[in-house]
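Asks:
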Amino acid sequence: MKRLYSKIAISAVVGAVLAVGGFGAAQAQKVKRGGILNFVVGSKIPSYDGHVESTFGMIHPIRPFYSLLIRINPDNPSSPTDFVCDLCKGKVPTGTDGGKTYTFKIRTGVQFHDGTPLTAQDIVATYKKIIFPPKGIASSRKAFFKMVDSVSAPDKFTVVFKLKFPSGAFIPAVATPFNFVYSKKDLDTHGYTWHKKNINGTGAFRFVQHQPGSFVEGKAYERYHHIGKPYLDGYKAISAPKMALRLQAIRGDRASIEFRGFPPKARDDLVKALGDKITVQESDWNCVLLFTPNQDRKPFDDVRVRKALNLAVDRWGGSKYLSQIAIVKTVGGVVFPGHPLAATKAELVKLTGFGTDLEKARVEARRLLKEAGVKEGFTFDFSNRGVDQPYKVVGTWLVGQWKKIGLVAKQRVQPSGPFYNTLRKTGDFDVSIDFNCQSVINPIADVTKFLGSSGSNYGHYDDPVLEKIYDRLLRAETESDQRKIMREYENRAINEMAHLGITLWWYKINPHRSYVKGWKIAPSHYLNQSLDQIWLDK
Amino acid sequence: MYKYIVKRVLLMIPTLIGAAVLVFFILRLIPGDVCELRLAGSGLYADPAEIELCRTNLGLNDPIPVQFADFVWGFFILDLGDSMWTGKPITFEIGLRFQLSLQVAFMATFVAVLISIPLGTISAIKQDTWIDYVVRIFSIAGIAIPSFWLGIMIILGLLILTQKFLGEPWMPPIEYVSPLEDPLGNMAQLIWPSVATGYRYSAVATRMTRSALLEVLREDYIRTARAKGLLEKVIINRHALKNSLLPVVTVIGIEFAFLMGGLVVTEQVFNLNGLGKLFVESVLNNDYTMTQALVMIVVAVFVFTNFVVDLFYAWLDPRIRYG
Chain A
172 MKRLYSKIAI
182 SAVVGAVLAV
192 GGFGAAQAQK
202 VKRGGILNFV
212 VGSKIPSYDG
222 HVESTFGMIH
232 PIRPFYSLLI
242 RINPDNPSSP
252 TDFVCDLCKG
262 KVPTGTDGGK
272 TYTFKIRTGV
282 QFHDGTPLTA
292 QDIVATYKKI
302 IFPPKGIASS
312 RKAFFKMVDS
322 VSAPDKFTVV
332 FKLKFPSGAF
342 IPAVATPFNF
352 VYSKKDLDTH
362 GYTWHKKNIN
372 GTGAFRFVQH
382 QPGSFVEGKA
392 YERYHHIGKP
402 YLDGYKAISA
412 PKMALRLQAI
422 RGDRASIEFR
432 GFPPKARDDL
442 VKALGDKITV
452 QESDWNCVLL
462 FTPNQDRKPF
472 DDVRVRKALN
482 LAVDRWGGSK
492 YLSQIAIVKT
502 VGGVVFPGHP
512 LAATKAELVK
522 LTGFGTDLEK
532 ARVEARRLLK
542 EAGVKEGFTF
552 DFSNRGVDQP
562 YKVVGTWLVG
572 QWKKIGLVAK
582 QRVQPSGPFY
592 NTLRKTGDFD
602 VSIDFNCQSV
612 INPIADVTKF
622 LGSSGSNYGH
632 YDDPVLEKIY
642 DRLLRAETES
652 DQRKIMREYE
662 NRAINEMAHL
672 GITLWWYKIN
682 PHRSYVKGWK
692 IAPSHYLNQS
702 LDQIWLDK
Chain B
32 MYKYIVKRVL
42 LMIPTLIGAA
52 VLVFFILRLI
62 PGDVCELRLA
72 GSGLYADPAE
82 IELCRTNLGL
92 NDPIPVQFAD
102 FVWGFFILDL
112 GDSMWTGKPI
122 TFEIGLRFQL
132 SLQVAFMATF
142 VAVLISIPLG
152 TISAIKQDTW
162 IDYVVRIFSI
172 AGIAIPSFWL
182 GIMIILGLLI
192 LTQKFLGEPW
202 MPPIEYVSPL
212 EDPLGNMAQL
222 IWPSVATGYR
232 YSAVATRMTR
242 SALLEVLRED
252 YIRTARAKGL
262 LEKVIINRHA
272 LKNSLLPVVT
282 VIGIEFAFLM
292 GGLVVTEQVF
302 NLNGLGKLFV
312 ESVLNNDYTM
322 TQALVMIVVA
332 VFVFTNFVVD
342 LFYAWLDPRI
352 RYG
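For the record, the sequence lines run as chains A and B. Going by my numbering, 388 is the number at position 217 of the first sequence; the sequence numbering is gapless. Going by my numbering, 262 is the number at position 231 of the second sequence; the sequence numbering is gapless.
1) Do the CB positions of THR373(A) and LEU239(A) come within less than 7 Å of each other?
2) Could you tell me whether any Cβ in chain A is nearer than 7 Å to the Cβ of GLY118(B)?
3) Given 8 Å as the limit, is there contact between the stretch 306–317 of chain A and the stretch 223–231 of chain A, that is, 3 or more CB pairs closer than that?
4) Any C-beta of chain B sitting closer than 7 Å to the C-beta of ASN481(A)?
5) CB of VAL442(A) to nearest heavy atom of the ligand GTP: below 6 Å?
6) Tell me, please, whether the CB atom of LEU416(A) is closer than 7 Å to any CB atom in chain B?
7) Label GLY354(B) either buried or exposed according to how many other C-beta atoms from any shown protein chain fall within 10 Å of its C-beta, with 16 as the threshold for buried.
8) Output, in sequence order along the chain, the residues in the stretch 484–502 of chain A whose CB is closer than 9 Å to any CB in chain B.
9) Per DSSP, what kind of secondary structure is TYR273(A) in: helix, strand or coil?
10) Can you check whether the C-beta of GLY182(B) is within less than 7 Å of a C-beta belonging to chain D?
11) Have a look at THR265(A), ASP528(A), THR360(A), ARG204(A) and flag the residue whose alpha-carbon is nearest the alpha-carbon of LEU403(A).
12) To the nearest angstrom, how far is the alpha carbon of LYS367(A) from that of LYS308(B)?
13) Under 8 Å Cβ to Cβ from GLY141(B), same chain only, skipping five residues before and after it: list those, please.
14) Using a 10 Å radius around the Cβ and a threshold of 16 neighbouring Cβ atoms, would you call GLY182(B) buried or exposed?
15) Indicate whether at least one CB of chain A lies closer than 7 Å to the CB of ARG63(B).
16) Strictly by DSSP, which residues pair up with PHE606(A)?
17) Which chain B residues sit within Cβ distance under 7 Å of ARG425(A)?
18) Output yes if chain B places a C-beta closer than 7 Å to the C-beta of ILE409(A); else output no.
19) Leaving out five residues on either side along the sequence, give the residues of the same chain with a beta carbon under 8 Å from the beta carbon of LYS581(A).
20) Which residues does DSSP pair with PHE376(A) in a beta bridge?
21) For PRO343(A), go through chain B and note every residue whose CB falls closer than 8 Å to its CB, in chain order.
22) Leaving out the 5 sequence neighbours to the left and right, which residues in its chain are closer than 7 Å to GLU659(A) when beta-carbon positions are compared?
23) Quick one: is GLN299(B) near chain A, going by C-beta distance under 7 Å?
24) Are the C-beta atoms of PHE386(A) and some chain B residue less than 7 Å apart?
25) So, with DSSP's three-state summary, where would you put ASP140(A)?
26) Could you tell me whether the stretch 500–511 of chain A touches the stretch 570–587 of chain A, where touching means 3 or more Cβ pairs closer than 8 Å?
27) Excluding the five sequence neighbours on either side, which residues of its own chain have a C-beta within less than 8 Å of the C-beta of GLN700(A), listed in chain order?
28) Hey, how far is the Cα of TYR344(B) from the Cα of VAL279(B)?
29) Beta carbons nearer than 9 Å to chain A: which residues of the stretch 257–287 of chain B have them?
30) What is the rounded straight-line gap between the Cα of ILE302(A) and the Cα of GLU312(B)?
31) Measuring only between beta-carbons, confirm whether GLN419(A) sits less than 7 Å from chain B.
32) Any idea what DSSP makes of PHE196(B), helix, strand or coil?
33) Starting from the Cα of TRP706(A), find the closest Cα among ILE612(A), THR597(A), ALA375(A) and give me that residue.
34) List, from N- to C-terminal side, the beta strand (DSSP E) runs of 3 residues or more that fit wholly inside the stretch 527–607 of chain A.
35) Please report the distance separating the alpha-carbon of GLU661(A) from that of LEU622(A).
36) Cβ closer than 9 Å: which chain B residues qualify as neighbours of ARG422(A)?
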């Protein structure tokens, strides 16, 4: 057992070194060209259109065919604020005109896979489709760009975004990995739905074939605009819905990596079986598991009851033990831990339910329940999603936590379809598991989850005070202002109103074959998937 | 016989219509829809207006009678429509998987017949000897062990044994290659699920062969054959076995039809991109059009297989006459 732990520790250290300062190491080691990267994907492709879809099942196999205007730095993906140009050149622009104008200079000599040269008009057409889609055309992330007034191309290689108001949420929104740049010619010729079933990008790889339900194959694009890349000859993204099979596929070397993440036990099994042939990279994950009390129902319309639910939960202890069996670990507030806008530990412990004196918190919880007229043994319906990691694990843990203050949660586990129907449509629950998973860390956009007006809030409440705070946050120009307002927002959402309960932030664990080099873990399974920096040390 | 065939063919029509009505309405009783899962299932922000637009584009906001009429008319003119999840034609999606499922069904049936007929026969002939006991234990184990569990054990066994003896763990390929492109690669992938499934399948058929043969061996005409001094081999092969195969053929037929769409878990275990996996995924994704089409295909396969089995009866036992 000790040997196993030491192996895991060594692998984790290797992974951490790679993740933090790995680029230097990767450069020190001579890059080898060639080879095919096989990786497994646990979800299916609905369509190829990044502007419509929201699943990693599309991002992992399809993203390498496309480029973005800007992206997170593939050599420093763990940083939540490090963005670099992809199709633009130079540095990512900062706002001018009081933060209301962003001017991007576009690379010259870039060609789509069909040979069409890329110009600023392609970027404009792409972002117009995303931000101002025609009636009847879906665009899943147009709400990210509420601040944008216009997009234009004053010349062939310049794109200008004019904002209605300055916003710190703009640049992260542009870097969202779903914003594939399409050719204006394709949009004009074939229409706005053509990309659902067809692919023509400027990414590091060209589309070869897709066998639905089986695999997607790509081969290196010889005219890729990041000169010298990609290092691979090609890749194959193999569909494998069962986690156990994905794990065995890496063990049996049918696949080298899986980009979403495995639970700790799977990591341990792989390390135990393969030793140093496996490298483990780990990171905090831009996903937080929440619970949402339904404020349409009594007694959850009473803030004292919602606070009691929060006070009962031992987040610090849960972090320690749950992280050994589930893909959750970090204690955090409304903002991704580690981001400059996130609460520090000193700020965190002041939030309801985040204190370190658990006994005191639970005594207070019982007092609040008594004051609200909720009797010992009060039973309520707790809706959960029928997916083990981390929903059922954390859900079962929550049931135990609430029992400590005399509440009996009857956990009702449903498959994803009926669960969403309950959460989003019927609202037929007292308390429900909920979650907030995002791609690029964009706290100002990500925290909208807590707003009553948000399309993804299921607590059935209106909170005009919180809305006003958010409005100020959206328009705050400096980071220090944003940070200050974010604390107000957090205090209102968690401390004063306890609208939602934050459990733990997810934790991403990517064990992969050690010969896979150049890929660094990012805080989201949607990020750093262009595959252009990966090479195989075989 | 001719009249019987026509009657059976006509009876297929109400069966198929009944199945269509059931599958259409039962599917719509399941809460949730494909748009919710597709746009909000990942936990990313999902604009309610976009979800509504998706529903409208897929026809989910149309009145139920309109949706039903579309489905029935499509089925009637053999246009199964597009998958709600991928947007691709259903015939294309099914066609891709059909070859694999058919091959696994044939291979598993081959494995099952290869095991069950000889073992069942030996077991009956050697009734209550140690051979009979061994065969019975073997077949009961086959019924008791779920094929998906056996599949998992096969994969783990291969990984562990190859690592131990060859130094590198090996497992069957996880992506399908056509037997025409790479026969060895195809076999390397499909032989294992065929064995896992064929074993369970053979267990049922072995039990059936044994009991049917025992019953036949007690018939008067077998005693007569023995009294005539016919060789035991001739009695078993020519007179007993052929007559005892009637229920075995039924079992094999039904199991074959089941394999075409029912290898739901085994296909997941071996990552086979077959109809069973497609079935599970389309149900989980609330992909109505795909699920409806798959159910109707499975129903059609069952109806057709039963029809063929009934015809086979008449060939095996000329005393059977219909109509």
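We put the CB at the ideal spot given by N, CA and C, even for glycine. Note that the coordinates shown come from a computational prediction; the quantities given were computed from them, not determined experimentally.
Replies: Result, derived from the coordinates:
1) As a first step, residue 373(A) must be located in the first sequence, where it is residue number 202. As a first step, residue 239(A) must be located in the first sequence, where it is residue number 68. Annotated as distal: THR373(A) and LEU239(A), with beta-carbon spacing of 7 Å or more.
2) Locating residue 118(B) in the second sequence gives position 87, where the first residue counts as 1. Taking Cβ atoms only, chain A reaches closer than 7 Å to GLY118(B), which makes this a yes.
3) Yes: at least three Cβ pairs fall under 8 Å.
4) The residue you call residue 481(A) lines up with position 310 of the first sequence. No, no contact with chain B.
5) Absence of the ligand GTP is noted for the structure shown, with no ligands found whatsoever.
6) On the first sequence, residue 416(A) is found 245 positions in, with the first residue counted as 1. Under the Cβ distance rule, LEU416(A) counts among the residues neighbouring chain B, one pair being separated by less than 7 Å.
7) Residue 354(B) sits at position 323 when you count from the first residue of the second sequence. Per-residue confidence for GLY354(B) stands at a pLDDT of 47, beneath the threshold of 50, marking its modelled position as unreliable; the derived number appears in the next sentence. Per the 10 Å Cβ criterion, exposed.
8) Here the close residues number zero.
9) Position 102 of the first sequence, counted from the first residue, corresponds to residue 273(A). Under the three-state reduction of DSSP output, TYR273(A) falls in the strand class.
10) Absent here is chain D; the protein component of the structure consists of chains A and B.
11) Here residue 403(A) refers to the residue found at position 232 when the first sequence is read from its first residue. It is ARG204(A).
12) The residue given as residue 367(A) occupies position 196 in the first sequence. The residue given as residue 308(B) occupies position 277 in the second sequence. Going from the Cα of LYS367(A) to the Cα of LYS308(B) covers about 23 Å.
13) As a position in the second sequence, residue 141(B) is number 110, starting the count at 1. Checking the sequence shown, residue 141(B) turns out to be Phe, not Gly. Cβ-Cβ distances below 8 Å link PHE141(B) to SER225, GLY229 in the same chain, with the five nearest sequence neighbours on each side left out; the list follows chain order.
14) By 1-based counting over the second sequence, the position of residue 182(B) is 151. Around the beta carbon of GLY182(B), a 10 Å sphere encloses 16 or more other beta carbons of the protein chains shown; the residue is thus reported as buried.
15) As a first step, residue 63(B) must be located in the second sequence, where it is residue number 32. It is Gly, not Arg, that sits at residue 63(B) in the sequence shown. Chain A contact via Cβ: present.
16) In the first sequence, residue 606(A) corresponds to position 435, counting from 1. BP columns for PHE606(A) point to LEU460(A).
17) For this step, residue 425(A) is matched to residue 254 along the first sequence. Neighbours of ARG425(A) on chain B, chain order: MET202, PRO204, ILE205.
18) Counted from its first residue, the first sequence places residue 409(A) at position 238. ILE409(A) counts as touching chain B.
19) Position 410 of the first sequence, counted from the first residue, corresponds to residue 581(A). If we look at LYS581(A) and ignore the five residues flanking it on each side, its Cβ neighbours are THR550, PHE551, ASP552, PHE553.
20) Residue mapping note: residue 376(A) aligns to position 205 of the first sequence, counting from 1. Looking at the DSSP output, PHE376(A) sits in a beta bridge with ALA391(A).
21) The residue labelled residue 343(A) in the question sits at position 172 within the first sequence. What PRO343(A) touches in chain B: nothing, since even the nearest Cβ is about 13 Å away.
22) For the purposes of this step, residue 659(A) is taken as residue 488 along the first sequence, with counting starting at 1. Close CB contacts of GLU659(A) within its chain, under the 7 Å cut and outside five residues either way in sequence, are with ILE640 (chain order).
23) Taking the first residue of the second sequence as position 1, residue 299(B) is located at position 268. Interface flag for GLN299(B) against chain A is set, since a Cβ pair is found closer than 7 Å.
24) Reading the first sequence from its first residue, position 215 is the one you call residue 386(A). Taking CB atoms only, PHE386(A) has a neighbour in chain B less than 7 Å away.
25) The shown model of chain A, from 172 to 709, leaves out residue 140(A), and the question about it has no answer.
26) They do not touch, by the three-pair rule.
27) Along the first sequence, read from residue 1 onward, the residue named residue 700(A) stands at position 529. By the criterion of a C-beta distance shorter than 8 Å, GLN700(A) is surrounded in its chain by ILE230, HIS231, ARG234, PRO235, PRO348, PHE430, once the five residues flanking it on both sides are discounted.
28) Here residue 344(B) corresponds to residue number 313 of the second sequence, with the count starting at 1. Here residue 279(B) corresponds to residue number 248 of the second sequence, with the count starting at 1. The straight-line gap from Cα to Cα measures roughly 11 Å.
29) Of all residues in the stretch 257–287 of chain B, none comes within less than 9 Å of chain A when Cβ atoms are compared.
30) Position 131 of the first sequence, counting from 1, holds the residue named residue 302(A). Position 281 of the second sequence, counting from 1, holds the residue named residue 312(B). Roughly 32 Å separates the two Cα atoms.
31) One-based indexing of the first sequence puts residue 419(A) at position 248. True, the Cβ-Cβ gap to chain B drops below 7 Å.
32) Mapped onto the second sequence, residue 196(B) falls at position 165. Under the three-state reduction of DSSP, PHE196(B) is assigned to helix.
33) The residue given as residue 706(A) occupies position 535 in the first sequence. Distance from the Cα of TRP706(A) is smallest, within the candidate group ILE612(A), THR597(A), ALA375(A), for ALA375(A).
34) Residue ranges of uninterrupted beta strand (DSSP E) with 3 or more members, entirely inside the stretch 527–607 of chain A and ordered along the chain, are 549–556, 578–585.
35) As a first step, residue 661(A) is located in the first sequence; it is residue number 490 there, counting from the start. As a first step, residue 622(A) is located in the first sequence; it is residue number 451 there, counting from the start. Taking C-alpha positions only, GLU661(A) is separated from LEU622(A) by approximately 11 Å.
36) Looking up residue 422(A) in the first sequence gives position 251. Against ARG422(A), the close residues of chain B are LEU190, GLN194, PRO200, MET202, in the order they occur along the chain (beta-carbon pairs closer than 9 Å).
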